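Sequential numbering from -14 applies to the sequence shown in the numbering used here. Ideal Cβ positions, reconstructed from N, Cα and C, are used throughout, including at glycine. Bear in mind that the values here come from a model prediction, so they are computed numbers and not experimental data. Written out below as structure tokens is the structure these notes cover.
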Amino acid sequence: MSAELRIPLDIKEVEIISTELTKTGQIIIEVESTLDKTECGICGEEIRCTYGHGDERTFRHLPILGMATYIKFRPKRGECQKCDTNPTTTQVVEWYQERSPHTKAYDQWLMKQLINTTIEDVSMRENIGYDAVIGALDRQIDTKVNWSEIDDLGTIGIDEISRHKGRKSYSAIVSCRQKNGQTHVLAVLPDRKKRR
Ligand SMILES: [Zn+2]
């Protein structure tokens, strides 16, 4: 028996149902939300999530020991008793954005991978499509910085990331490298040098 390791999943308010290491070296972690409430999509009242589950979804998450890691999840659903038609709403959770194939943690991690390199490089290294990296970039534009995680700004860097080969369309990643060696992405700016 080889040594085993316990590490935190870095996703809040879920419990792990199962984990699987596939033959192709991917890790698949099935989770369930531990929250049992959400807001009705129509009236905004808090409702209990006792109306089954939505379709199963899979999100790319932070790699574990260099292996591509996926989170498998079926969001809970709730039914509103106050609205006339008793509409159902899918529970909104903190750790992914609607229509994103990645967890928020993975999107943020991709931004760090883009520092000093290109979208093509990251796409190849991570074995994800070029558009998946662009999608992550776009989702990071206008996101807020969690300043409580940042003790000192250290060295600030601005990386211009070419969005398309041979075209003047850039995004910029503003990051800081703290004295403790940690890198934080402070902002992603859209179309920095686009000239019309
Ligand atoms: Zn309602």
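Could you check the C-alpha separation between residue 104 and residue 5 for me, to the nearest Å? As a first step, residue 104 is located in the sequence shown; it is residue number 119 there, counting from the start. As a first step, residue 5 is located in the sequence shown; it is residue number 20 there, counting from the start. Computed Cα separation, rounded: 30 Å.
How about residue 27: is its Cβ closer than 7 Å to a heavy atom in ligand 1? For the purposes of this step, residue 27 is taken as the residue at position 42 of the sequence shown. Checking every heavy atom of ligand 1 against the Cβ of residue 27, one is found closer than 7 Å.
Under 7 Å: does the beta carbon of residue 30 sit that close to some heavy atom of ligand 1? What you label residue 30 is simply residue 45 of the sequence shown in a count that begins at 1. Under cutoff, so the answer is yes.
Give the straight-line distance between the Cα atoms of residue 69 and residue 42, rounded to the nearest whole angstrom. Translated into the one-based positions of the sequence shown, residue 69 becomes position 84. Translated into the one-based positions of the sequence shown, residue 42 becomes position 57. Distance between the alpha carbons of residue 69 and residue 42: 30 Å.
Does ligand 2 have a heavy atom nearer than 7 Å to the CB of residue 89? The model on display carries ligand 1 but not ligand 2.
Assigned secondary structure, residue 147 (DSSP; H/G/I helix, E/B strand, else coil): To locate residue 147, count along the sequence shown from 1; it is residue 162. Residue 147 falls in the strand class under three-state DSSP.
Do residue 176 and residue 154 have their beta-carbon atoms positioned less than 8 Å apart in this structure? Translated into positions along the sequence shown, residue 154 becomes position 169. Translated into positions along the sequence shown, residue 176 becomes position 191. Yes. Within cutoff.
Could you check the C-alpha separation between residue 48 and residue 84 for me, to the nearest Å? If you number the sequence shown from 1, residue 48 lands on position 63. If you number the sequence shown from 1, residue 84 lands on position 99. The alpha-carbon atoms of residue 48 and residue 84 are separated by roughly 21 Å.
Identify whether residue 30 lies in helix, strand or coil by the three-state DSSP scheme. For the purposes of this step, residue 30 is identified with residue 45 of the sequence shown, where counting begins at 1. In the displayed model, residue 30 falls within coil according to three-state DSSP, outside both helix and strand.
Whole angstroms is fine: what's the gap from residue 117's alpha carbon to residue 108's? The residue you call residue 117 lines up with position 132 of the sequence shown. The residue you call residue 108 lines up with position 123 of the sequence shown. Each residue's alpha carbon lies about 8 Å from the other.
Since residue 162 sits in a beta bridge, which residues does DSSP pair it with? Sequence index remark: in the sequence shown, residue 162 carries index 177 (1-based). In the DSSP assignment, residue 162 forms a beta bridge with 140, 168.
Spatial neighbours of residue 58 within its chain, please: CB distance less than 6 Å, with the 5 preceding and 5 following residues excluded, ordered by chain position. Taking the sequence shown and counting its residues from 1, one reaches residue 58 at position 73. So the qualifying residues of the chain are 16, 42.
Report the partner residues of residue 14 according to the DSSP bridge assignment. Counting from one through the sequence shown, the residue named residue 14 turns up at place 29. As a beta-bridge residue in DSSP terms, residue 14 pairs with 4, 56.
For a minimum of 4 consecutive residues, which ranges assigned as the alpha helix (DSSP H) are wholly contained in the region 73 to 131? Taking only runs of at least 4 residues, the alpha helix (DSSP H) segments lying wholly in the region 73 to 131 are 89 to 99, 104 to 111, 115 to 125.
Buried or exposed (CB count within 10 angstroms, at least 16 for buried), residue 18: In the sequence shown, residue 18 corresponds to position 33, counting from 1. Under this definition residue 18 is a buried residue.
Residue 60: which of 53, 66, 74 sits nearest, CA to CA? Locating residue 60 in the sequence shown gives position 75, where the first residue counts as 1. Nearest C-alpha to residue 60: 74.
Flag residue 34 as yes when its Cβ comes closer than 7 Å to any non-hydrogen atom of ligand 1, and as no otherwise. Here residue 34 refers to the residue found at position 49 when the sequence shown is read from its first residue. For residue 34, the CB stays at least 7 Å from every heavy atom of ligand 1.
Residue 67 Cβ short of 7 Å to ligand 1 heavy atom set: Indexing the sequence shown from 1 puts residue 67 at position 82. If you check the C-beta of residue 67 against ligand 1, you find a heavy atom less than 7 Å away.
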